[in-house]
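A.B. asks: Going line by line, the protein sequences match chains G and R. Going by the working numbering, the first residue of the first sequence is number 6, and it counts up by one from there. Going by the working numbering, the first residue of the second sequence is number 6, and it counts up by one from there. Every residue, glycine too, gets a C-beta built ideally from N, C-alpha and C.
2 protein chains.
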Amino acid sequence: MTATEAIGYLAALLTTTSFVPQALHIWRTRDARAISLGMYSVFSAGVALWLAYGLLVGSCPVMLANVVTLFFALSILLMKIRYDRERRR
Amino acid sequence: MTATEAIGYLAALLTTTSFVPQALHIWRTRDARAISLGMYSVFSAGVALWLAYGLLVGSCPVMLANVVTLFFALSILLMKIRYDRERRR
């Protein structure tokens, strides 16, 4: 592996795993008011397209990174909808 | 441009621009409590590495997408630190 490839893999690891603390933060506090519904709607659609792109070009790292990111982005989106609804009651 | 390339560009456009509504949401409400400091720290570091990767491989789309994303990710990170500090006073 070249140094450039290593930087690319480390970049992918960081941007993918960064959504884990965000999902856990919302899960623990049951507060998602500062989370933007627009962001996670557009972001999830974008990540789904990245996954389609990875499948079409046959790139395992792109597929893997985007499956993981899509799982956490959709979890955050669903918690946002659920916890905001609970607060309005 | 092939259909696959078009999907890739649309994916990049969506995941990049999705951070704009999140930054505006925090800016308007001055509430960043549900935002994870861990997420935006790790995410910003990851995007900076993606930018370095783009520079090293000479990829204009990777550089451009990550300059824009880094700007918004750092804005969200700085607002998180600032507004949380204001609330603790």
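#1: Report the option in Ala50(G), Leu42(G), Met68(G), Leu19(G) whose CA atom is closest to the CA atom of Arg1(G).
#2: According to DSSP, simplified to helix, strand and coil, what is Ala50(R)?
#3: Answer with yes or no whether the minimum CB distance from Gly63(R) to chain G is below 8 Å.
#4: Taking the C-alpha atoms as reference points, what is the distance between Leu56(R) and Thr34(R)?
#5: DSSP three-state call for Thr34(R): helix, strand or coil?
#6: Tell me whether the beta-carbon of Ala39(R) lies closer than 8 Å to the beta-carbon of Ile31(G).
#7: In chain G, which residues lie with their C-beta within 8 Å of the C-beta of Trp32(R)?
#8: If contact means a Cβ-Cβ distance below 9 Å, which residues of the segment 33 to 54 of chain R contact chain G?
#9: Would you mind giving the Cβ-Cβ distance between Val25(R) and Phe77(R), rounded to the nearest angstrom? I have them listed as a contact below 8 Å.
#10: With DSSP run on the structure shown, which of helix, strand or coil describes Ala78(G)?
#11: With a cut-off of 8 Å, does the C-beta of Ser80(R) fall near any C-beta of chain G?
#12: DSSP three-state call for Arg87(R): helix, strand or coil?
#13: Does DSSP put Arg92(G) in a helix, a strand or coil?
C.D. replies: By the coordinates alone:
#1: Because residue 1(G) is not part of the residues shown, which for chain G are 6 to 94, the question remains open.
#2: Locating residue 50(R) in the second sequence gives position 45, where the first residue counts as 1. It is helical.
#3: As a first step, residue 63(R) must be located in the second sequence, where it is residue number 58. Answer no: the Cβ-Cβ gap between Gly63(R) and chain G never drops below 8 Å.
#4: Locating residue 56(R) in the second sequence gives position 51, where the first residue counts as 1. Locating residue 34(R) in the second sequence gives position 29, where the first residue counts as 1. If I take the Cα positions, the gap works out to 30 Å.
#5: As a first step, residue 34(R) is located in the second sequence; it is residue number 29 there, counting from the start. In the structure shown, Thr34(R) sits in a helix (DSSP, three-state: H, G or I).
#6: Residue 39(R) sits at position 34 when you count from the first residue of the second sequence. Residue 31(G) sits at position 26 when you count from the first residue of the first sequence. Yes, Cβ-Cβ distance for Ala39(R) and Ile31(G) is below 8 Å.
#7: Counted from its first residue, the second sequence places residue 32(R) at position 27. Ordered by position in chain G, no residue passes the 8 Å Cβ test against Trp32(R), which lies about 11 Å from the chain.
#8: Across the segment 33 to 54 of chain R, CB contacts with chain G closer than 9 Å involve Thr34, Asp36, Ala37, Arg38, Ala39, Ile40, Ser41, Leu42, Gly43, Met44, Tyr45, Ser46, Val47, Phe48, Ser49, Ala50, Gly51, Val52, Ala53, Leu54, in sequence order along the chain.
#9: The residue you call residue 25(R) lines up with position 20 of the second sequence. The residue you call residue 77(R) lines up with position 72 of the second sequence. About 6 Å separates the beta carbons of Val25(R) and Phe77(R), which is inside the 8 Å limit, making them a contact pair.
#10: By one-based count along the first sequence, residue 78(G) stands at place 73. The answer is helix: DSSP assigns Ala78(G) an H, G or I state.
#11: For this step, residue 80(R) is matched to residue 75 along the second sequence. No, because no Cβ of chain G sits closer than 8 Å to the Cβ of Ser80(R).
#12: Within the second sequence, residue 87(R) is the residue found at index 82, counting from 1. Of the three classes helix, strand and coil, the one that applies to Arg87(R) here is helix, per DSSP.
#13: Counting from one through the first sequence, the residue named residue 92(G) turns up at place 87. Looking at Arg92(G) - three-state DSSP - the assignment turns out to be helix.
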